[in-house]
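Numbering of the sequence shown is given in this note's numbering, commencing with residue 314 and proceeding in unit increments. We treat Cβ as the ideally placed atom computed from N, Cα and C, and that holds for glycine. The structure appears below as structure tokens.
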Amino acid sequence: MKAAQNQKQNEARKEARNSLSPEAKAAQNKARREARKSLSPELKETQNQKQNEARKEARMSLSPEVKAAQNQEKNEAWRKALNSLSQKAKSAQNQKRNEAQNKARKSAAQDKNSAADAYLEDLASRILDMVDISKADIDFMADEQRFARHPNLALAYCHLCSLHPDAFVFNDECLNGEEGEQVCKQLMEAIGPPIGKTEAVRCQKSATSRDPATGQIAACASCNEILLQHEDYIVEWKIEGLPLHFRLTELQLLELHSMDQDVV
């Protein structure tokens, strides 16, 4: 009922204003501007809020047909105004609109990235202690290879997605006695032989042939052998481009350089 009354009042005001001469309209607009300038910022904010609420309430009370007609009328008025502009003014207006749209998109993307970064840090701080990791969290780590941005995520993602499913031992399985023979056989076939001297020498040669300052290392690898599988796609980073969480501290570097080269 109240919305209908507001609509009638607005229509009456609009009709009365349309009946004014251009000079009277200009004088009325000037008087309103002068009166608004004298208001305090708090009172202006209150008036704006009331006006917005009234417009919103009045629009919600309109039928879909009336809303569609109003939108069509606004679009036609906008097109008419645009057609009346010079080519230079049209270009300036389009550029301004595009800049506003790009700014809105950029702001939305920044908000999304900020939220993702905050959740990544939170997930990294608790993932190694989590009893159950949801598919949504796994998908989150996989998206844009986020697991490569923190060691905890890399380790968790490696164990979740890089290991052989037959290498898991469940609570109802036994490793001892006759019952455990089949389980042990399954494990040995999945894990394979341990890395021996040959693999260690090959890994050492590969490591020494690289420049430690600009070489590449795998951000997520379950063993040394993975580093040598260049034919398969693995996540790699330039050492100087690694996230800070992956880099050695000055103390760790000092300890590393003080070790015997044979050990390193």
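From residue i to residue j, what distance separates their C-alpha atoms?
| i | j | result |
| --- | --- | --- |
| D435 | F481 | 27 Å |
| I440 | I451 | 11 Å |
| L569 | R560 | 13 Å |
| L540 | T511 | With a pLDDT of 43 at L540, under the threshold of 50, the predicted position of this residue should be treated as unreliable, though the coordinate-derived value follows. One C-alpha to the other measures close to 14 Å. |
| E336 | K350 | 21 Å |
| E538 | G509 | The predicted position of E538 is uncertain, since its pLDDT is 42 and thus under 50; no value can be drawn from it. |
| E494 | V444 | 29 Å |
| A428 | I446 | 20 Å |
| K363 | K327 | 19 Å |
| S376 | A390 | 21 Å |
| T562 | S404 | 54 Å |
| A455 | S420 | 24 Å |
| A348 | T359 | 15 Å |
Could you check whether the Cβ of residue i sits closer than 6 Å to any heavy atom belonging to the ligand ZN?
| i | result |
| --- | --- |
| L488 | The ligand ZN is absent from the structure shown, which contains no ligands of any kind. |
Mind checking whether residue i and residue j have CB atoms under 7 Å apart?
| i | j | result |
| --- | --- | --- |
| A503 | D485 | no |
| K470 | F460 | Per the sequence shown, residue 470 should be read as Tyr rather than Lys. Taking 7 Å as the Cβ cut-off, Y470 and F460 qualify as a contacting pair. |
| R462 | P556 | yes |
Quick check on DSSP: helix, strand or coil for residue i?
| i | result |
| --- | --- |
| S332 | coil |
| N489 | coil |
| V496 | helix |
| V482 | coil |
| G554 | helix |
| H472 | helix |
| M454 | helix |
message = Three Cβ pairs or more, each shorter than 8 Å: is that satisfied between the stretch 433-449 and the stretch 460-469?
response = yes
ask   = Taking only runs of the alpha helix (DSSP H) that begin and end inside the stretch 365-412, which ones reach a length of at least 4 residues, in chain order?
value = 377-396
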